[in-house]
Structure formats: C-alpha cells, structure tokens
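Working notes, structure below.
Residue numbers (our numbering): 20 to 192.
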C-alpha cells in the first residue's frame, strides 16, 4: 500500500506532528486533538509534497460542531490534491476519530488511519463503533492505534481534569 514509506519511526514522527497540533488546540482552550494527513504515494510527492493537511480542533473558535481536527485536515488534503478521494494517504490523529470523523474518513477513501489514544466511550474507529471496518460500507481502512498513545492520552486527561476543576483555558498545570 505505501511502498515502504511508512515505518514505526515515521508513524511516530507524524504522530508527533499531530501532537503539536493538539498542543495548539490546548493553548486555545479546545479539546486537544490534532491531525495530519500525509501523502504515501511516492509518484505524487513531486506534485504535492508529503504533508497534505494539518489541523487541530477549532469547534469553540469557529462555533462549528464539525470543526474537528480530522474534518479540517481532510478539507486541506482534498484541496492540496485537487480531489476528494484521498487514496494514497495516511491520516494521523491524536485521539481515535469520533463517528462523524470516521464517516468522513470512509467517504474520503483514506486507506490508513493511525491514532494515539483510544476513546472507549465515543470512538468511531475501533473502540465503540467500528465504522472504519464496517463491511456494509464501500471502503474500509487499515487502522493502527496506540502510537504514542500514553502521551496523547495525557494531553486529553490533563485538559479534562482542568475543566472539571473549573479551569476554562484547558491548559495543563
């Protein structure tokens, strides 16, 4: 699928990029989720480069319930490629995609989804819903979870711990 481009080291490298986006969300008081989408087809690298989309949650800032990191990065990647079909890409996200984002990932035909922290209560990839591997849908994704999972989970836990204690900024103290 990826011509040997993606290894454990590159998965961690791209997840760190997604984590930097999540940290931006945290600084803005958003749920700290970040996402990057990369090109995995070497023959297309000259046209578009490796990084196709990079975003963090902006739900509060944009007052838009669909402004999740994955949704924004998918829009950027589609624009970069000039096509809504994101075959030949990999999506890296710090938190398991929700059902909405998982649905968009399937529609965009992204073949590989790599996430950090699982979301047992609302996860749309593998934990609660299994949208990315539903045989009734026209596309299924390879899913790799737990890449830098502890670090990704720590960002989320710190954010929600702060919120429960009355903090509004979302920053981890």
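Note that the Cβ used here is the ideal one computed from N, Cα and C, for glycine as well.
Short check: CB of residue i to CB of residue j, under 9 Å?
| i | j | result |
| --- | --- | --- |
| residue 76 | residue 52 | yes |
| residue 166 | residue 31 | yes |
| residue 159 | residue 127 | no |
| residue 38 | residue 137 | no |
| residue 69 | residue 93 | no |
So residue i and residue j are supposed to be a Cβ contact under 8 Å. How far apart are they, rounded?
| i | j | result |
| --- | --- | --- |
| residue 116 | residue 79 | No, residue 116 and residue 79 are not in contact; Cβ-Cβ is about 19 Å, not under 8 Å. |
| residue 112 | residue 156 | Actually they do not touch by this definition, with Cβ atoms about 19 Å apart. |
I'd like the list of long-range same chain contacts for residue i, defined as Cβ closer than 7 Å, with 5 residues on each side in sequence excluded.
| i | result |
| --- | --- |
| residue 50 | 44, 76, 178 |
| residue 106 | 128, 130 |
| residue 81 | none |
| residue 180 | none |
Residues in the same chain with beta-carbon distance under 6 Å from residue i, minus the five sequence neighbours each way, listed in chain order, please.
| i | result |
| --- | --- |
| residue 71 | 56, 58, 96, 99 |
| residue 143 | 116, 117, 118, 121, 150 |
| residue 26 | none |
Pick out whichever of the options has its Cα sitting closest to the Cα of residue i.
| i | options | result |
| --- | --- | --- |
| residue 114 | 134, 123, 30 | 134 |
| residue 42 | 156, 161, 176 | 176 |
| residue 139 | 172, 155, 131 | 172 |
| residue 91 | 33, 106, 54 | 54 |
| residue 62 | 174, 154, 108 | 108 |
| residue 182 | 48, 154, 87 | 48 |
| residue 73 | 28, 35, 60, 46 | 35 |
| residue 87 | 102, 60, 101, 123 | 123 |
Using a Cβ-Cβ cut-off of 8 Å (strictly less than) and excluding sequence neighbours within five positions of residue i, which residues of its own chain qualify?
| i | result |
| --- | --- |
| residue 145 | 115, 137, 151, 152, 162, 164 |
| residue 148 | 118, 121, 142 |
| residue 84 | 78 |
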